Structure formats: C-alpha cells, structure tokens
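Its first residue numbered 1311, the sequence shown is counted upward by one per residue in my numbering. Encoded as structure tokens, the structure appears first; notes follow it.
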Amino acid sequence: MKSDQQYRQCDRCGGTFATLDSLPSRELEREQYDLHENDPSDPNYRRFVSYLADPLIKRLPEGAEGLDYGCGDGPAGAALLAEAGFAVRCYDPLFANDVSALEREYDFIFCCEVVEHFHQPAREFEKLDQLLRPGGILAVMTAMEYPDIDFDSWHYRRDPTHVAFYRPDTMLQIGWDRHWQTALPARNVVLFTKRS
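Structure, rendered in structure tokens:
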C-alpha cells in the first residue's frame, strides 16, 4: 500500500515524523494490521522477535515482571519471555485493550515493531517511563533511518501506519531527555534503562 503522508524532520533529535494532518485513522490502522500474519508459533516470526527478546532476556534478573506493549494479535514477544521464566502482561490498543495493564509498574517493557506507529512519540515515551520501575528496561526494535537509507524509496516508510522514524541519534536523545541509559546492542535494537 502506498503512503501519501507528508513528513517533517525534528531539528532537535533528527527523527522523521508524519505531519498531524496525514496521520492514519484508527480504521486504516486496523485494516493494515489485519493483513499481518503474526503467529507466535511460527518459527520464522519467533526468530524475528527473538532479535529483541534475546538481548533483553540476558539483562533481566530472575523473577522480573514485564509488559508486551503493542503486542498485536500475535504476542510472540510475550510468549518468548514467558518461556524464559518471566511474568508478562500484554497491552495493545486494538487487540488487547486491557487498561488495567497500564495501572502498575514493570521491570521491563517489550516494544517490538511498535514505536514507528506512535502518533505522539514524546507522549508515548513519557507513558512508558511512568510504567517502568527504577532500574527497569525498555526494549525497542524498529527499523531505523540509518545514513544509508534512501527515505523516499524505503520500504518501511511505505506502510501507512508507520508514522515515526528514528535514527540512532534520535534514540540517544530520547534516552537523554528521560535520564535513561541507552544501549544499541544491534542494528534496529535499543535498550533503555531507567536510572535507579
């Protein structure tokens, strides 16, 4: 599906964001998400999600409790983390809209292919900060706009529900603004740690 969105680049963080008047409707988002086939038992999908889950699991203490934020209709992240012995709740505004999951704090938050959908990224990251306990980890995976990316022809941009595009420097600024420690252990993977 081709996107007709207009974009602006933030002078402060370098991120590229769809303008407010070109954000997709909730109906368009649902139609696009329904095209996805995210089966938590699919080995290929699990391998994709483990690219974020594996580095997070290595950093979690025994007994950590977390939230799969933006889990979609196939919460493979929650499944992988539960299999590793961690308690995980799920939240998604379309597929798992249990607002009680947003009324407590967590040791970790898992955001796999989620932050590119944020219509108001600053507000969303503030919400995630409030959901994290001191010392907690926010694990993010999203295709980042690296210098070798041609934005106009980039496949990731053509999804009309992708409205926020981050560069590594954008992620560093997000962490700096919230006093989080920021690690980029792999391409497109960011681990933010809330200071104790």
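Just so it is clear, CB atoms sit at the ideal spot from N, CA and C, and this is done for glycine as well. Keep in mind the model is a prediction, meaning the values are calculated, not measured.
Indicate whether Val1359 and Cys1400 have their beta-carbon atoms separated by less than 9 Å. Their beta carbons are not under 9 Å apart, which means Val1359 does not touch Cys1400 by this criterion.
Is Ala1449 near Phe1420, with beta carbons less than 9 Å apart? A Cβ-Cβ contact shorter than 9 Å links Ala1449 with Phe1420.
Please list the terminal residues of the continuous alpha helix (DSSP H) segment that includes Pro1353. Annotation: the continuous alpha helix (DSSP H) that includes Pro1353 extends over 1353-1369.
Nearest residue (CA-CA) to Pro1334, options Arg1468, Cys1320, Leu1494: Considering only Arg1468, Cys1320, Leu1494, the residue with the shortest C-alpha distance to Pro1334 is Arg1468.
Taking the alpha-carbon of Asp1402 as reference, which of Glu1415, Ala1388, Gly1395 has the nearest alpha-carbon? Of the listed residues, the one whose Cα sits closest to Asp1402 is Ala1388.
Which one of Gly1324, Arg1322, Ala1328, Gln1319 has the shortest CA to CA distance from Pro1470? If you compare the alpha carbons of Gly1324, Arg1322, Ala1328, Gln1319 with that of Pro1470, the shortest gap goes to Ala1328.
Tell me the rounded alpha-carbon separation between Cys1320 and Ser1463. Cα-Cα distance, rounded: 20 Å.
With burial defined as no fewer than 16 other Cβ atoms inside 10 Å of the residue's Cβ, what is the status of Phe1461: buried or exposed? Exposed, since its Cβ has fewer than 16 Cβ neighbours within 10 Å.
Beta-carbon proximity list for Leu1441, same chain, < 7 Å, skipping 5 on both sides: Same-chain partners within the cutoff: Leu1377, Leu1412, Glu1415, Tyr1416, Ile1419.
Classify Arg1336 as helix, strand or coil using the three-state DSSP reduction. Under the three-state reduction of DSSP, Arg1336 is assigned to helix.
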